[in-house]
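> The numbering of the sequence shown is numbering that gives the first Met the number 0, which starts it at 0 and goes up by one.
Backbone N, C-alpha and C define an ideal beta-carbon position, used for all residues, glycine too.
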Amino acid sequence: MAESAERKPTATAKRRFLEPFRGEALDVPPIWLMRQAGRYLPEYRATRADAGDFLTLCYTPKLAAEVTLQPIRRYGFDAAILFSDILVVPDALGQTVRFVEGEGPRLDPIRAVGDLGQLDPAKTATKFGLVSETVARLRQDLPAETALIGFCGAPWTVATYMVQGQGSADQAEARLWAYRDPDGFEKLIDVLVETSIDYLDQQVKAGADCLQIFDTWAGSLPDDEFDRWVVSPTRTIREAIRDLHPDVPVIGFPRGAGAAAVWYVSETGVNGIGCDTATPPFVMSEAFDDEDVVVQGNLDPLLLVAGGSHLDERVDEILDLMRGKRFIFNLGHGIVPQTPPENVARLVERVRSKG
Ligand code: CP3
């Protein structure tokens, strides 16, 4: 422990990614992209084929570290994000999770309080240990100037997959359970809150410099529900991490939150706010001015597929808009598999030269 306490101040000083969290507005904003490791890269597809199964890739530290490093080697992003998945948490808790080729995740659904018995936080140690091993390897292998982002899914979003058993357009099963039996549904959320705190704590202890909480389906809930299932669990996680690791910034990504994003920031105390693709420019540049928060976002991942001058123009617009602000350049959602890798290179070059 003494060793890591000594290591931090000197080593992390080199990581420009962390500067906005220390209060600095940089001329050239740090850049990383959600899903920067993934199927758009041929080297990812090769490692993925070696691993066979997607979860095997997530739980094999050598391979998971390798795919995390691939986009750093190519593009020199300011931050690497641990290669894993938000559904590692239900898998580690004991729910059956499979990734079906071409279809996405499939889980044996949990629909009622009676199904919660199959989830056992004590079971998570082995799988979380493998993820921590990946983090530790990465901290060794990454350049000193590259920050390492750990992450988890927000309890609400993870619960939507656990209850639906797969991805869905409306997250109906989780929303219905939450309306019909809020106290029962809260028991599931509570398990996820506690497990996520433990998971993030382990990632930081292993070497993560920053954490992101992905709430992909935050936008499917109306106000009171948003408060109970998105804001409140995120605040609990954020406060626990602050107690354990006061210097580690936490970025929230409440996708689709719209006007509630400002409320989310002030109520959860996150240090960074990931803005989705639909967030209007004036919201990015002004709505968070009264909050002590770094803004991250929000290029459309499909514009990165389209490329060309339209991409360049939009990148310039975002840079102009956020000039003088504490800002991190990112997409408004994850990179899609059909993205030409050369468009990513073009984007990084543009951000670095125009900053
Ligand atoms: O950002 C990164 O590079 C780190 C790795 C990462 C993955 N998933 C790898 C992945 C991260 C941070 C995630 C988060 C994640 N996973 C979210 C939240 C962010 C978002 O995109 O909304 C969600 C909802 C999931 C759940 C999930 N994982 C789905 C719905 C799918 C199937 C859809 C798809 O894109 O294939 C996955 C699979 C997945 N997770 C892949 C990758 C690279 C593709 C799987 C493969 O290689 O076969």
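Can V66 and L81 be called in contact, C-beta distance under 8 Å?
Sequence index remark: in the sequence shown, residue 66 carries index 67 (1-based). Sequence index remark: in the sequence shown, residue 81 carries index 82 (1-based). In this structure, L81 does not lie closer than 8 Å to V66 by Cβ.
> In this structure, does DSSP put V294 in helix, strand or coil?
As a working note, residue 294 is residue 295 in the sequence shown. In the structure shown, V294 sits in a strand (DSSP, three-state: E or B).
> When you compare the segment 341-351 with the segment 312-329, are there three or more beta-carbon pairs, one atom per stretch, that lie closer than 8 Å?
Judged by Cβ distances under 8 Å, the segment 341-351 makes contact with the segment 312-329, as three or more pairs qualify.
> Quick one: what does DSSP say D214 is sitting in, helix, strand or coil?
Counted from its first residue, the sequence shown places residue 214 at position 215. DSSP places D214 in strand when its eight states are reduced to three.
> Please determine if the segment 191-203 and the segment 263-271 are in contact, where contact requires at least 3 C-beta pairs separated by less than 8 Å.
Result no; under three Cβ-Cβ pairs closer than 8 Å.
> Within its chain, find whatever has a CB closer than 6 Å to the CB of V261; leave out the 5 residues flanking it on each side and keep chain order.
On the sequence shown, position 262 is the one that residue 261 refers to. A286.
> Mapping DSSP to helix, strand and coil, what is A79?
By 1-based counting over the sequence shown, the position of residue 79 is 80. Residue state, collapsed to three classes: strand.
> If I'm right that V162 touches A173 with Cβ under 8 Å, what's the distance once you round it to whole angstroms?
Within the sequence shown, the letter at position 163 stands for residue 162. Within the sequence shown, the letter at position 174 stands for residue 173. Confirmed, about 4 Å.
> Measure the alpha-carbon distance for D90 versus L210 and round it to whole angstroms.
Here residue 90 is taken as the residue at index 91 of the sequence shown, counted from 1. Here residue 210 is taken as the residue at index 211 of the sequence shown, counted from 1. In a straight line, the C-alpha of D90 is about 20 Å away from that of L210.
> Since T123 and L92 are thought to touch, with beta carbons under 8 Å apart, how far apart are those beta carbons, to the nearest angstrom?
To locate residue 123, count along the sequence shown from 1; it is residue 124. To locate residue 92, count along the sequence shown from 1; it is residue 93. Confirmed, Cβ separation roughly 6 Å.
> Rounded C-beta distance between W155 and A217? I'm assuming under 8 Å.
Walking along the sequence shown from the start, residue 155 turns up at place 156. Walking along the sequence shown from the start, residue 217 turns up at place 218. At roughly 7 Å, the Cβ-Cβ gap stays under 8 Å, so W155 and A217 are in contact.
> Can you list, in chain order, the residues of its chain with a C-beta nearer than 6 Å to that of L25? Leave out the 5 residues immediately preceding and following it.
Against the sequence shown, residue 25 aligns to sequence position 26. Same-chain partners within the cutoff: E18.
> Does the beta carbon of L86 fall short of 7 Å from some heavy atom of the ligand CP3?
Taking the sequence shown and counting its residues from 1, the one referred to as residue 86 is at position 87. For the ligand CP3, at least one heavy atom lies less than 7 Å from the Cβ of L86.
> Leaving aside the five residues before and after F213 along the sequence, list all residues of the same chain whose C-beta is less than 7 Å from its C-beta, in chain order.
Within the sequence shown, residue 213 is the residue found at index 214, counting from 1. Excluding residues within five positions, the ones whose Cβ falls inside 7 Å are I85, F150, G152, A153, T156 and F252.
> Going by DSSP, what residue range makes up the beta strand (DSSP E) through A146?
By one-based count along the sequence shown, residue 146 stands at place 147. It spans A146 to G152 - the beta strand (DSSP E) in which A146 sits, taken as one unbroken run.
> Here's the rule: buried if 16 or more other CB atoms are within 10 angstroms of the residue's CB, otherwise exposed. What is T125?
Locating residue 125 in the sequence shown gives position 126, counting from the first residue. Classification for T125: exposed.
> S219: which of G255, D242 and E238 sits nearest, CA to CA?
Taking the first residue of the sequence shown as position 1, residue 219 is located at position 220. Among G255, D242 and E238, the Cα nearest to that of S219 belongs to G255.
> Please report how far the alpha carbon of V294 lies from the alpha carbon of T95, in whole angstroms.
Position 295 of the sequence shown holds residue 294. Position 96 of the sequence shown holds residue 95. Between V294 and T95, the C-alpha separation is close to 36 Å.
> Could you tell me whether the Cβ atoms of K186 and L115 are closer together than 8 Å?
Here residue 186 is taken as the residue at index 187 of the sequence shown, counted from 1. Here residue 115 is taken as the residue at index 116 of the sequence shown, counted from 1. Going by C-beta atoms, K186 is nearer than 8 Å to L115.
> Please state whether DSSP places N329 in a helix, a strand or coil.
Residue 329 sits at position 330 when you count from the first residue of the sequence shown. Strand at N329.
> What is the DSSP secondary structure of V343, counted as helix, strand or coil?
Residue mapping note: residue 343 aligns to position 344 of the sequence shown, counting from 1. Residue state, collapsed to three classes: helix.
> Going by beta carbon distance, what residues of the same chain come within less than 6 Å of A4, once the five residues before and after it are set aside?
Walking along the sequence shown from the start, residue 4 turns up at place 5. For A4, the predicted structure reports a pLDDT of 46, less than 50, and the residue's modelled location is therefore unreliable. The matter cannot be settled from this model.
> With 16 as the cutoff for other CB atoms within 10 Å, does Q69 come out buried or exposed?
Against the sequence shown, residue 69 aligns to sequence position 70. It counts as buried.
> DSSP three-state label for C209, please.
Position 210 of the sequence shown, counted from the start, is the residue given in the question as residue 209. Strand, per DSSP.
> Output needed for G333: all residues of its chain with C-beta closer than 7 Å, excluding positions within five of it in sequence on either side, in chain order.
For this step, residue 333 is matched to residue 334 along the sequence shown. So the list reads M33, R34 and P300, once near-sequence residues are dropped.
> From Y263 to V230, what distance separates their C-alpha atoms?
On the sequence shown, position 264 is the one that residue 263 refers to. On the sequence shown, position 231 is the one that residue 230 refers to. Each residue's Cα considered, the two are about 6 Å apart.
> Within its chain, find whatever has a CB closer than 8 Å to the CB of H244; leave out the 5 residues flanking it on each side and keep chain order.
Counted from its first residue, the sequence shown places residue 244 at position 245. Excluding residues within five positions, the ones whose Cβ falls inside 8 Å are D200 and V203.
> For A171 and Q139, I'd like the C-alpha separation in whole angstroms.
As a first step, residue 171 must be located in the sequence shown, where it is residue number 172. As a first step, residue 139 must be located in the sequence shown, where it is residue number 140. Straight-line Cα distance between these residues: approximately 43 Å.
> Where does P336 land, buried or exposed, given buried means 16+ other C-beta within 10 angstroms?
Within the sequence shown, the letter at position 337 stands for residue 336. P336 is exposed by the Cβ-count criterion.
> Enumerated in chain order, which unbroken segments of the beta strand (DSSP E) with a length of 3 residues or greater are wholly contained in the segment 93-171?
With a minimum length of 3 residues, the continuous beta strand (DSSP E) runs that stay inside the segment 93-171 are 96-99, 103-106 and 146-152.
> Would you say the beta carbon of F53 is closer than 7 Å to some non-hydrogen atom of the ligand CP3?
Here the question's residue 53 lines up with position 54 in the sequence shown. Yes, the Cβ of F53 comes within 7 Å of a heavy atom of the ligand CP3.
> Where do the ends of the alpha helix (DSSP H) carrying G268 lie?
Indexing the sequence shown from 1 puts residue 268 at position 269. Element bounds for G268: n/a, residue is neither H nor E.
> Taking the alpha carbon of G206 as the point to measure from, which residue in T235, V87 and A135 has its own alpha carbon closest?
Against the sequence shown, residue 206 aligns to sequence position 207. Nearest option by C-alpha distance: A135.
> What did DSSP end up calling P232 once you bin it into helix, strand or coil?
The residue you call residue 232 lines up with position 233 of the sequence shown. The answer is helix: DSSP assigns P232 an H, G or I state.
> Based on the DSSP secondary-structure assignment, which residues constitute the bridge partners of F53?
Position 54 of the sequence shown, counted from the start, is the residue given in the question as residue 53. Partner(s): none; F53 has no beta bridge.
> Spatial neighbours of R110 within its chain, please: C-beta separation below 8 Å, excluding the five flanking residues on both sides.
By 1-based counting over the sequence shown, the position of residue 110 is 111. Within the same chain, R110 has close Cβ partners V162, E172 and W176.
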